[in-house]
Amino acid sequence: MTDNNCFSFGGLPKNAKIVKIIDEAQNQKRTLLFDVDFEKAAPGQFCMVWIRGTDEIPLGCSSKNGVTFQVVGDATKTLFDLKVGDSVGLRGPFGHGFSLPKKGDNILIVAGGIGAAPLAPLAEKSKEIGAKVTTILGARSGNDLIFEKRFKEIGNVLLTTDDGSLGRKGFVTTVLSEQNLSEYSKIYVCGPEIMMKFVMDILIQKNAVEKSEFSMERYFKCGIGVCGACCMDETGVRICKDGPVFPGTALLNSEFGKYHRDASGKRIKY
Numbered sequence: 001m002t003d004n005n006c007f008s009f010g011g012l013p014k015n016a017k018i019v020k021i022i023d024e025a026q027n028q029k030r031t032l033l034f035d036v037d038f039e040k041a042a043p044g045q046f047c048m049v050w051i052r053g054t055d056e057i058p059l060g061c062s063s064k065n066g067v068t069f070q071v072v073g074d075a076t077k078t079l080f081d082l083k084v085g086d087s088v089g090l091r092g093p094f095g096h097g098f099s100l101p102k103k104g105d106n107i108l109i110v111a112g113g114i115g116a117a118p119l120a121p122l123a124e125k126s127k128e129i130g131a132k133v134t135t136i137l138g139a140r141s142g143n144d145l146i147f148e149k150r151f152k153e154i155g156n157v158l159l160t161t162d163d164g165s166l167g168r169k170g171f172v173t174t175v176l177s178e179q180n181l182s183e184y185s186k187i188y189v190c191g192p193e194i195m196m197k198f199v200m201d202i203l204i205q206k207n208a209v210e211k212s213e214f215s216m217e218r219y220f221k222c223g224i225g226v227c228g229a230c231c232m233d234e235t236g237v238r239i240c241k242d243g244p245v246f247p248g249t250a251l252l253n254s255e256f257g258k259y260h261r262d263a264s265g266k267r268i269k270y
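Residue numbers for the sequence shown follow full-length UniProt numbering, so the first one is 1 and each next one is one higher.
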């Protein structure tokens, strides 16, 4: 996994102007491109985005100078309403990203919803290295899918939507359960946690957990491992500092797929 590389001096927010806005789907999923470059960011790392007057939130780096997000609350709604020329504060990139495959490896990417955002740079980097990439890309509907063209430019893509409006009707787990996982040297997963838990169940059944990596999401406050808000019970690991990417084996016998915590620390069951 990768070490932290911080593009902002002293870890303080760096002003970043929005230079381009891309609507990725009809359901308020958007990419913002900045005049700040994330060249040192490894696939799977994240940055803290300060939306002035509202909040600071973690977002995965989806390109060398952009983040991709979905509107889910006040902060992302305010971010969504910003225009080209507006600015935010950026800190990062932080955390540990995905371990990269080797030339000639055959890898499988399992992406659900907005979870495709940190996986797209991984897919592109893997192709650049010389690995063969297969992607299972899923969403609730065709209107929710993001980066379909981007993944198809890299390798084989197996599409699935909950309502069957595009690709196979069903979930990413429907397609995953049909795969011969012994063919893959690495399996990378990101999406809603309940989806990832079902993916984990299949990997356990197929004895493939050891070759997997999962990108986790939790409520972040500081983003650098100081506040402890994102600590997982039992293990005590900090998602922001020790993750957000973890080997599948590290998530066994943890709170993964069982519950998370809100801003007050209250347990929220899945």
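From the three backbone atoms N, C-alpha and C, an ideal C-beta is built for every residue, glycine too.
For residue i: DSSP bridge partner residues
i      : result
Asp23  : Arg30
Phe246 : Phe214
Ser87  : Lys17
Ile268 : His260
Ile187 : Leu108 and Ser212
Val157 : Thr135
Lys169 : Thr161
Cβ separation of residue i and residue j, assumed to be a contact under 8 Å, to the nearest whole Å
i      : j      : result
Lys197 : Ile154 : With 8 Å as the limit, Lys197 and Ile154 do not qualify as a contact, their Cβ atoms being about 26 Å apart.
Phe46  : Gly113 : Contact doesn't hold; Cβ gap of about 16 Å is too wide.
Cys240 : Gly257 : Going by Cβ atoms, the distance from Cys240 to Gly257 rounds to 19 Å, so no, they are not a contact pair.
Ala120 : Ser62  : 6 Å
Val175 : Leu158 : 5 Å
Thr160 : Gly191 : About 12 Å separates the two Cβ atoms, so there is no contact after all.
Phe98  : Pro58  : At roughly 16 Å, the Cβ-Cβ gap does not stay under 8 Å, so Phe98 and Pro58 are not in contact.
Gly248 : Glu213 : 7 Å
Closer than 7 Å: residue i CB and nearest the ligand FMN heavy atom
i     : result
Gly44 : Annotation note on the ligand FMN: not contained in the displayed structure, which lists no ligands.
First through last residue of the beta strand (DSSP E) which encompasses residue i
i      : result
Asp55  : Asp55 to Ser63
Lys127 : Per DSSP, Lys127 belongs to no beta strand (DSSP E); it is in the alpha helix (DSSP H), Ala116 to Ile129.
Arg52  : That residue, Arg52, is in no beta strand (DSSP E); it is neither H nor E in DSSP.
Asn106 : Asn106 to Gly112
Val67  : Gly66 to Gln70
Opening and closing residue of the alpha helix (DSSP H) in which residue i lies
i      : result
Gln205 : Glu193 to Gln205
Arg261 : First-last for Arg261: Tyr259 to Arg261, but that is the beta strand (DSSP E), not the alpha helix (DSSP H).
Val175 : Val172 to Leu176
Simplified DSSP assignment, three categories, for residue i
i           : result
Pro93       : strand
Cys222      : coil
residue 277 : A query on residue 277 cannot be resolved here, the shown segment of the chain reaching from 1 to 270 and no further.
Phe46       : strand
Gly138      : strand
Leu82       : coil
Lys152      : helix
Ala75       : helix
Leu181      : helix
Leu12       : coil
Val209      : helix
Gly228      : coil
Leu100      : coil
Asp3        : Residue confidence is low: Asp3 scores 39 on pLDDT, short of 50, so the model does not pin down where it sits. No coordinate-derived value is stated.
Leu251      : helix
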